[in-house]
Every structure is written in C-alpha cells, then in structure tokens.
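Heads up: the structure comes next, in structure tokens.
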Amino acid sequence: MFIQPWDAGLDDAEWQTWIAEGHDFGQLTVNGAPGGPPVVVPTHFAPDEGRLLIHLARPNPVWTAIERDPNVVLTVIGDYAFIPGPWRAKPDTPPTDGVPTSYYAAVQFTCRAHVVDDPEAKADLLRRQLAHFQPDGDHAPVDPGRPPYGRMLPGIRGLCLDVVDVRAKFKYDDHKDVEHRTAVADRLTRRGQALDVPAARQQLRRLDRVGTWTP
Numbered sequence: 002m003f004i005q006p007w008d009a010g011l012d013d014a015e016w017q018t019w020i021a022e023g024h025d026f027g028q029l030t031v032n033g034a035p036g037g038p039p040v041v042v043p044t045h046f047a048p049d050e051g052r053l054l055i056h057l058a059r060p061n062p063v064w065t066a067i068e069r070d071p072n073v074v075l076t077v078i079g080d081y082a083f084i085p086g087p088w089r090a091k092p093d094t095p096p097t098d099g100v101p102t103s104y105y106a107a108v109q110f111t112c113r114a115h116v117v118d119d120p121e122a123k124a125d126l127l128r129r130q131l132a133h134f135q136p137d138g139d140h141a142p143v144d145p146g147r148p149p150y151g152r153m154l155p156g157i158r159g160l161c162l163d164v165v166d167v168r169a170k171f172k173y174d175d176h177k178d179v180e181h182r183t184a185v186a187d188r189l190t191r192r193g194q195a196l197d198v199p200a201a202r203q204q205l206r207r208l209d210r211v212g213t214w215t216p
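My numbering applies: residue 2 is where the sequence shown begins, and numbers increase by one.
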C-alpha cells in the first residue's frame, strides 16, 4: 500500500481507534501456490491483544496456502468515497479541470498465522470472538461437549494471526488547505450517498493538520 506522507496515520492510537469503532471485517490475503494467484478470503476478525482471531470453514482453500506459507496480510478498508473533479478544481481554473480522486481509510496488518485445531483451543477462540461481537453474552455456552457449538467445532478451523507490522492510511486530501477540505466535507455530507458521511467525518476529524501539508 503506497502512503503519501500526508496520508499516513498520525499515530498508533488513530488506527486503533478506527478499528475499535467497528471496522472488524477485512480481506485475508495468503500466498497461493507458486505461479498461482493469492488466496483472498473476506472475513470478520476479533482483535485480541496483539493478535487477530478468525475462524473459517474446514473446506476453505485457504488452509493449504497457510500451511505452505504462514505469512499473511489482513486488509481493512472503509469510509471511502469518490471525489469528482469539479470538487477539487483550483479557484482560478475551470471546474472541469479538476482532477478526481478517492478518499478512504485503510489498515493493513502483516501477520504470521497459526492454525488452531485443538477442540478446546477452538472453543476458546470462539468465546473470545463472541465476547467481541456479542458482548452482552446473548449466546449459548461454547463447549466442545455441549450443543449447539460442540457439534459444529469439527467443521471449522481457527486462526490466530500474530501481528508483525501495521500500516495505516487515511487519504482525505490532507495536503490541501483547510478551506478546501471543509468545502469537500460539506459536499460529501450533502450528497449523502453510501459512505459519504463517514468519509466527511474522517476528513473533518483530521482538520487539525492546519493548512497545506509541509514536510
């Protein structure tokens, strides 16, 4: 992922907060067979003290790839919007001369994957995932010897992804002046399509990078 200096995360707390706000669905990318394409799996994940916890169906083709090479990347993308050219045109140029762009937030976790097959270890992984996704505890106990989860455990495998590196990108025209960014955020809010409002919120949140970016 290419990151311009003005698009970089401000600090670890920025991407950690963004993930914690509910951005817990991403794409797990695994090195495929030599000469073949990578294996890419859309999946929910649960952050867990420097790890990402995942479970997938046993027939998933990802397992062969991970056993061959446990180095993987999980990518999370959100708060994205297309910005049309006229919105970015300079004041002294025709609107049609403006160059369009994309706004988005992205976090890429480089990880080393560990497969979890032991029934009790899988049950513990599921408990941790449920604690993240259903914190009210409105689910049956997860126990290898009790239904409903006990009879389902053989059909899945768990993944613990030990995070080795994190790269974060918040691409919201931070190299442009505050007036321009404020105007685009207002246009996004008024357009109100898809993720326009969350994208505007991210742009406004980063306005404390006052003025044009300088190294």
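Glycine included, C-beta positions come from ideal geometry on N, C-alpha and C.
ask   = Cβ atoms of LEU57 and PHE46: under 7 Å apart, would you say?
value = As a position in the sequence shown, residue 46 is number 45, starting the count at 1. As a position in the sequence shown, residue 57 is number 56, starting the count at 1. No, they are not a contact pair.
query = Roughly how many whole angstroms lie between the Cα atoms of ASP8 and ASP98?
reply = Position 7 of the sequence shown, counting from 1, holds the residue named residue 8. Position 97 of the sequence shown, counting from 1, holds the residue named residue 98. Taking the straight line from one Cα to the other gives about 23 Å.
message = Using 8 Å for Cβ pairs, my map puts LEU162 next to PHE83. What's the rounded Cβ distance?
response = Counting from 1 along the sequence shown, the entry for residue 162 is found at position 161. Counting from 1 along the sequence shown, the entry for residue 83 is found at position 82. With a contact defined as Cβ atoms closer than 8 Å, LEU162 and PHE83 miss out at about 31 Å.
request  = Return helix, strand or coil for ALA124, following the three-state DSSP convention.
outcome  = By one-based count along the sequence shown, residue 124 stands at place 123. Residue state, collapsed to three classes: helix.
task = Go to ASP13, then tell me how far its alpha helix (DSSP H) extends in each direction, as first and last residue.
result = On the sequence shown, residue 13 is found 12 positions in, with the first residue counted as 1. For ASP13, the enclosing alpha helix (DSSP H) starts and ends at 13-21.
ask   = What runs of the beta strand (DSSP E), each 3 residues or longer, lie entirely inside the segment 88-165?
value = You should have 102-117.
request  = Could you work out which residue in ARG158, LEU208, GLY193, ASP25 is closest to TRP64 when comparing CA atoms only?
outcome  = Residue mapping note: residue 64 aligns to position 63 of the sequence shown, counting from 1. Per the Cα distances, ARG158.
request  = Would you mind sorting VAL117 into buried or exposed? The rule is 16 or more other CB atoms within 10 Å of its CB.
outcome  = As a working mapping, residue 117 is identified with position 116 in the sequence shown. So VAL117 counts as buried.
ask   = According to the Cβ coordinates, are VAL77 and VAL108 closer than 7 Å?
value = Numbered from 1 along the sequence shown, position 76 holds the residue referred to as residue 77. Numbered from 1 along the sequence shown, position 107 holds the residue referred to as residue 108. Result yes, Cβ atoms of VAL77 and VAL108 sit closer than 7 Å.
message = Suppose only complete runs of 3+ residues qualify. What are the beta strand (DSSP E) ranges in the segment 4-71, listed by chain order?
response = Scanning the segment 4-71 for uninterrupted beta strand (DSSP E) segments of 3 residues or longer gives 26-31, 40-45, 47-49, 52-58, listed from N- to C-terminal end.
8 Å Cβ shell around PHE26 - same chain, five flanking residues per side excluded = Within the sequence shown, the letter at position 25 stands for residue 26. Closer than 8 Å at Cβ, skipping near neighbours: PRO43, THR44, HIS45, PHE46, VAL77.
ask   = Relative to the alpha-carbon of VAL100, which residue among ASP174, ARG207, ALA195, VAL198 has its alpha-carbon at the smallest distance?
value = Start at 1 with the first residue of the sequence shown, and residue 100 comes out as number 99. Here the closest residue by C-alpha is ASP174.
task = Could you tell me which residues DSSP puts in a beta bridge with LEU75?
result = If you number the sequence shown from 1, residue 75 lands on position 74. Paired residue(s): LEU29, PHE110.
inquiry  = Within a Cβ cutoff of 7 Å, which residues of the same chain sit near GLU121, ignoring the five residues on either side of it in sequence?
reply    = For this step, residue 121 is matched to residue 120 along the sequence shown. Within the same chain, GLU121 has close Cβ partners PRO145.
ask   = Within this structure, are the beta carbons of LEU208 and ASP80 separated by less than 7 Å?
value = Here residue 208 corresponds to residue number 207 of the sequence shown, with the count starting at 1. Here residue 80 corresponds to residue number 79 of the sequence shown, with the count starting at 1. Taking 7 Å as the Cβ cut-off, LEU208 and ASP80 do not qualify as a contacting pair.
ask   = Exposed or buried, what is PHE3 when buried is set at 16 or more other beta-carbons lying within 10 Å of its beta-carbon?
value = For the purposes of this step, residue 3 is identified with residue 2 of the sequence shown, where counting begins at 1. Per the 10 Å Cβ criterion, exposed.
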